[in-house]
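There are 2 protein chains.
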Amino acid sequence: MSKVTCDVSVTLDGFSAGPNQSEARPFGDVDGEALHRWMFEQAEQNAAEVADILTARAYIMGRNMFGPIRGDWDRPWRGWWGEDPPYHSPVFVLTHYAHEPLPMQGGTTFYFVTDGIESALAQAREAAGDGEVSIAGGAHTVSQYLVAGAIDELRLHVTPVTFGQGERIFDGVGPLNLEQIGEATGTDLVTHLKYRVVR
Amino acid sequence: MSKVTCDVSVTLDGFSAGPNQSEARPFGDVDGEALHRWMFEQAEQNAAEVADILTARAYIMGRNMFGPIRGDWDRPWRGWWGEDPPYHSPVFVLTHYAHEPLPMQGGTTFYFVTDGIESALAQAREAAGDGEVSIAGGAHTVSQYLVAGAIDELRLHVTPVTFGQGERIFDGVGPLNLEQIGEATGTDLVTHLKYRVVR
Numbered sequence: 324m325s326k327v328t329c330d331v332s333v334t335l336d337g338f339s340a341g342p343n344q345s346e347a348r349p350f351g352d353v354d355g356e357a358l359h360r361w362m363f364e365q366a367e368q369n370a371a372e373v374a375d376i377l378t379a380r381a382y383i384m385g386r387n388m389f390g391p392i393r394g395d396w397d398r399p400w401r402g403w404w405g406e407d408p409p410y411h412s413p414v415f416v417l418t419h420y421a422h423e424p425l426p427m428q429g430g431t432t433f434y435f436v437t438d439g440i441e442s443a444l445a446q447a448r449e450a451a452g453d454g455e456v457s458i459a460g461g462a463h464t465v466s467q468y469l470v471a472g473a474i475d476e477l478r479l480h481v482t483p484v485t486f487g488q489g490e491r492i493f494d495g496v497g498p499l500n501l502e503q504i505g506e507a508t509g510t511d512l513v514t515h516l517k518y519r520v521v522r
Numbered sequence: 324m325s326k327v328t329c330d331v332s333v334t335l336d337g338f339s340a341g342p343n344q345s346e347a348r349p350f351g352d353v354d355g356e357a358l359h360r361w362m363f364e365q366a367e368q369n370a371a372e373v374a375d376i377l378t379a380r381a382y383i384m385g386r387n388m389f390g391p392i393r394g395d396w397d398r399p400w401r402g403w404w405g406e407d408p409p410y411h412s413p414v415f416v417l418t419h420y421a422h423e424p425l426p427m428q429g430g431t432t433f434y435f436v437t438d439g440i441e442s443a444l445a446q447a448r449e450a451a452g453d454g455e456v457s458i459a460g461g462a463h464t465v466s467q468y469l470v471a472g473a474i475d476e477l478r479l480h481v482t483p484v485t486f487g488q489g490e491r492i493f494d495g496v497g498p499l500n501l502e503q504i505g506e507a508t509g510t511d512l513v514t515h516l517k518y519r520v521v522r
């Protein structure tokens with residue numbers, strides 16, 4: 324069965340976003356760019372980790388990661404990533420509000436799943452074949468899949484910043500049985516940590 | 324002026340102890356040993372980091388790190404570390420309850436400070452001379468000194484475990500301006516991260 328991975332950039336105090344996310348401030352009232360400077364300012368040094376993120380053949384994300392609209396889909400929204408999102412694969416978006424699939428350029432199609440995380444995972448597994456399924460975020464989606472015991476490999480990208488408030492990926496998760504895979508790697512803008520989640 | 328450092332072992336979800344600490348369970352209702360396996364099972368690989376912890380010429384710790392007694396000193400207690408604690412220097416213990424100094428073997432003396440964190444820091448600076456002052460823990464002591472802007476160098480030892488509850492060093496601290504010092508190092512039981520706290 325396909326491996327389920329999860330890549331998240333987090334602050335040193337465990338947040339993957341601040342409070343009050345909006346279209347103008349996708350990461351909320353914090354310096355959200357601090358979470359991803361390593362990807363852009365040090366693309367070469369971190370090329371292997373970025374490639375690993377984009378290896379999956381299907382992705383799952385929460386609706387709040389997909390966009391700023393809450394409640395009904397009251398206006399068009401095609402994601403944060405332009406017409407050719409980096410996923411190049413099916414992306415299953417968890418939501419309580421049905422929406423037609425959104426085919427994008429480059430092989431990405433956003434599918435909207437209204438019947439829960441297990442259904443989304445089943446659909447993503449089927450789409451991925453023997454490829455990886457990646458839990459893309461945000462915090463609440465990651466914590467739900469951790470609680471469900473569905474993540475095989477957790478890959479944290481720890482950035483040298485603290486937010487002090489916002490959304491934590493481990494909130495409500497409780498103790499996990501983790502095995503670190505190898506030693507940490509990284510730069511002065513990020514530390515890559517990989518864990519096998521033992522069940 | 325002497326540099327103020329702070330070394331803390333933390334879980335991946337940011338805890339340095341679990342809930343309900345007691346004499347029988349110094350780290351509370353969690354697998355507290357998981358925080359320090361790296362020191363004991365991999366002493367050689369981590370010798371440099373342990374040496375750095377023991378470089379300081381004065382230490383400050385919270386009363387709950389010193390021992391399990393809460394409220395009045397209602398029975399003798401000489402710390403968790405036996406008659407020759409590893410500090411070999413003055414250790415200033417923050418408490419609301421006065422206590423005579425406790426000289427131990429090997430150069431460690433526990434002094435009990437009842438007039439607050441600034442007083443403890445001033446006394447530790449004086450004792451350290453041009454050596455380092457180390458904030459030794461626990462979580463609440465670390466967060467108080469972070470909030471006060473008194474820590475120059477924060478050294479986290481991140482262990483591959485989550486507690487899900489307990490005491491977090493960053494609780495109530497808010498956003499910090501951190502500069503990571505070099506790249507992470509470590510083993511499969513610990514990741515060492517060093518930060519300059521910029522004011």
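For the record, the sequence lines run as chains A and B. Counting along the first sequence from 1, when you hit position 36 you're at 359 in our numbering, and nothing is skipped either side. Counting along the second sequence from 1, when you hit position 1 you're at 324 in our numbering, and nothing is skipped either side. Idealized CB from N, CA, C, for every residue including glycine.
Around the beta carbon of L377 of chain A, fewer than 16 other beta carbons lie within 10 angstroms, which makes this residue exposed.
Residues of chain B with a Cβ closer than 9 Å to the Cβ of E506 of chain A are, in chain order, A507, T508, G509, T510, D511, T514. Under the DSSP assignment, M388 of chain B falls in the alpha helix (DSSP H) whose first and last residues are 386-389. For Q368 of chain A, no Cβ of chain B is located within less than 7 Å of the residue's own Cβ. R386 of chain A is a Cβ neighbour of V416 of chain A, given a cutoff of 7 Å. Along the length of the stretch 415-458 of chain A, whole beta strand (DSSP E) runs at least 3 residues long occupy 432-436, reported in chain order. The Cβ atoms of G489 of chain B and G341 of chain B lie closer than 7 Å to each other.
With a cutoff of 7 Å on beta-carbon distance, L499 of chain A and A507 of chain A are scored as not near each other.
Proximity of chain A to D336 of chain B at the Cβ level (cut-off 8 Å) is accounted for by G337, R491, F493, V496, in chain order. In the DSSP secondary-structure assignment, V331 of chain A is bridged to A:L479. Nearest CB-CB separation between G454 of chain A and chain B: not below the 7 Å threshold.
Under the 8 Å Cβ criterion, the stretch 383-397 of chain B counts as touching the stretch 451-466 of chain B, having at least three qualifying pairs. CA-CA distance, G430 of chain B to S412 of chain B, rounds to 5 Å. In the three-state reduction of the DSSP assignment, L469 of chain A falls in the helix class, which pools H, G and I. Under a 10 Å Cβ-count criterion, W403 of chain A is classified as exposed, with fewer than 16 other Cβ atoms of the shown protein chains found around its own Cβ. In the three-state DSSP reduction, L358 of chain A falls in the helix class (H, G or I). Taking 8 Å as the upper bound for CB-CB distance, V333 of chain A and V481 of chain A are in contact here, some 6 Å apart. Interface annotation, G460 of chain A: not in contact with chain B, CB-CB separation never under 7 Å. Leaving aside the five residues that flank I392 of chain B on each side, the residues in its chain whose CB is nearer than 6 Å to its CB run, in chain order, W400. For the set A:G355, A:A451, A:F435, A:D336, the Cα lying nearest the Cα of N343 of chain A is the one of A:G355.
When 7 Å is used as the limit between beta carbons, L358 of chain B is near no residue of chain A, the shortest such separation being about 13 Å. Distance from the CA atom of H419 of chain A to the CA atom of Q428 of chain A, rounded to whole angstroms, is 25 Å. Counting only Cβ-Cβ distances below 9 Å, E364 of chain B has no contacts in chain A at all, with the closest Cβ about 13 Å away. For L335 of chain B, same chain residues with a beta-carbon under 8 Å away, outside a window of 5 residues either side, are V481, T482, P483, V484, T485 in chain order. Residue pairing for K517 of chain A: DSSP places it in a beta bridge opposite A:R478. Sequence-ordered contacts of the stretch 469-485 of chain A with chain B read L479, V481, P483, V484, T485 [C-beta pairs closer than 8 Å]. Contact of Q344 of chain B with chain A is not assigned, every C-beta pair being separated by 7 Å or more. Residue B:A421 holds the alpha-carbon nearest to the alpha-carbon of D397 of chain B among B:A421, B:A459, B:Y468. C-alpha of L479 of chain A to C-alpha of N369 of chain A: approximately 13 Å in a straight line. Across the structure, I458 of chain B and G487 of chain A are spaced so that their CA atoms are roughly 21 Å apart.
Residue pairing of R380 of chain B in beta bridges, as defined by DSSP: absent, with no partner found. Following the DSSP letters along the chain, one finds S345 of chain B in no beta strand (DSSP E), marked with neither H nor E. Taking all protein chains shown into account, V521 of chain A has fewer than 16 neighbouring C-beta atoms within 10 Å of its C-beta and is therefore exposed.
In the three-state scheme derived from DSSP, where H, G and I count as helix and E and B as strand, F363 of chain A is classed as helix. Judged by DSSP in its simplified three-state form, E506 of chain B adopts coil rather than helix or strand. Taking a beta-carbon distance threshold of 7 Å, G487 of chain B counts as an interface residue toward chain A.
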